[in-house]
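Just so we're aligned, residue 1 is where the sequence shown starts under full-length UniProt numbering, counting upward by one.
We treat Cβ as the ideally placed atom computed from N, Cα and C, and that holds for glycine.
Because the structure is a prediction, the values reported are computed rather than measured.
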Amino acid sequence: MKLHYRDLGQGTPFVILHGLFGISDNWQTLAKYWSQKYHVYLLDLRNHGRSPQSTDFNYDLMVEDLSEFITEHNLVNPVIMGHSMGGKVAMNFALSHPNQVSKLIVVDIAPRPYPVHHQDIINGLNAIDISTMTSRTEAETALEPYIPETDVRLFLLKNLYRKEDNSFGWRMNLAAIERNIAEVGRETIADVPFTKPTLFVKGGNSRYIQEKDVPSIQRLFPNVQLVTIENVGHWVHAEAPEKFYQLVVDFIG
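Next comes the structure, spelled out in structure tokens:
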């Protein structure tokens with residue numbers, strides 16, 4: 001599958017993968033700063049953003065998509081970074097394609113399995129009748145009973161776009177995501193560890209990476225640094241952009 005992407009800058013190739021319900025635009029602001037040092041590639045994963053949609057949705061396929069992208073664009077020794085679901089893609093890719101990665105950055109997700117915990121979001125998105133909707137305000141109003149946090153609602157509604165006939169549509173394939181939602185929490189496993197430099201970044205207020213996850217992280221990624229940015233949640237890069245920017249630059253070099 002040929003993924004939609006945008007790229008900025010010159011230098012070391014730096015591939016960034018968004019999380020579930022995200023799009024490449026989520027990283028645009030930080031990418032502009034990183035592009036002063038690196039050649040940044042912002043990808044839309046399958047069934048997200050402007051990338052093709054498919055009834056099939058799992059990590060094996062997303063890893064294949066990423067490998068195809070790296071090969072097609074002749075990226076040599078790229079740094080791969082992923083947040084949340086994108087972090088799972090990045091982990092799986094590094095473990096299965098170690099020769100196509102120079103350094104790995106995983107943002108606020110661990111290798112362990114996660115139970116399905118996105119049902120409120122899915123129910124809220126399904127409650128939006130985009131066939132009759134005339135404004136984003138209507139969509140946010142429909143979503144509010146399911147998602148009380150304003151910032152999360154606005155994040156999700158970035159997936160809405162206006163079609164040529166002025167009606168609304170979703171950038172994401174909500175039906176495929178819902179049908180395969182258990183895949184998103186799938187455990188990351190491998191017989192052979194990824195031994196190149198790896199950085200795990202945890203949000204201090206987030207529960208996605210816990211103390212119990214450290215042994216599995218160190219087993220799969222023995223050359224790892226685990227850094228906590230305090231007083232932020234799961235969206236580490238959005239809540240502490242300056243600290244996160246510098247942490248990534250110091251790691252990549």
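Sub-8 Å separation of residue i and residue j beta-carbons
i	j	result
Val107	Gly82	yes
Phe21	Leu156	yes
Thr71	His39	no
Leu43	Tyr245	no
Ala127	Tyr146	yes
Gly173	Asn58	Before going further, note that residue 173 is Asn rather than Gly in the sequence given. For Asn173 and Asn58, no; Cβs fall outside 8 Å.
Gly204	Glu242	no
Straight-line Cα distance separating residue j from residue i
i	j	result
Val89	Val63	6 Å
Gly9	Trp34	8 Å
Ile189	Tyr5	28 Å
Leu95	Leu17	16 Å
Lys212	Val79	27 Å
Val101	Leu226	19 Å
Gln210	Gly185	15 Å
Asp25	Tyr41	11 Å
Ala142	Tyr161	16 Å
Asp60	Asp129	32 Å
Lys37	Val224	23 Å
Glu164	Asp65	29 Å
Val249	Glu239	17 Å
Met91	Ile217	10 Å
Those residues which DSSP pairs with residue i across a bridge
i	result
Gln210	Gln210 is not bridged to any residue.
Met81	Ile16 and Ile105
Phe200	Val106 and Leu226
Tyr41	Asp7 and Val15
Tyr161	Gly169
Burial state of residue i, where buried means 16 or more other Cβ atoms lie within 10 Å
i	result
Thr198	buried
Asp151	exposed
Asp56	exposed
Ala182	exposed
Val201	buried
Proximity winner among the options, relative to residue i (alpha-carbon distances)
i	options	result
Ser84	Val236, Lys243 and Gly253	Val236
Arg219	Gly49, Asp25, Arg112 and Pro148	Arg112
Ser67	Leu45, Asp56, Asp191 and Glu183	Leu45
Ser167	Thr134, His117, Arg153 and Leu154	Thr134
Gly49	Phe14, Ala142, Lys32 and Arg171	Arg171
Thr137	Asp120, Ile122, Gly86 and Lys158	Lys158
Gly233	Asn58, Glu149 and Pro215	Glu149
Ala110	Leu75, Glu187 and His118	Glu187
Pro98	Glu242, Gln119, Pro222 and Pro193	Pro193
Arg153	Thr195, Asp120, Phe251 and Gln53	Asp120
Val116	Pro52, Glu178, Asn77 and Asn92	Glu178
Met1	Ile23, Ser54, Gly19 and Tyr114	Ser54
Asn74	Thr132, Phe14, Ile217 and Tyr114	Phe14
Gly86	Trp27, Val76 and Asn77	Trp27
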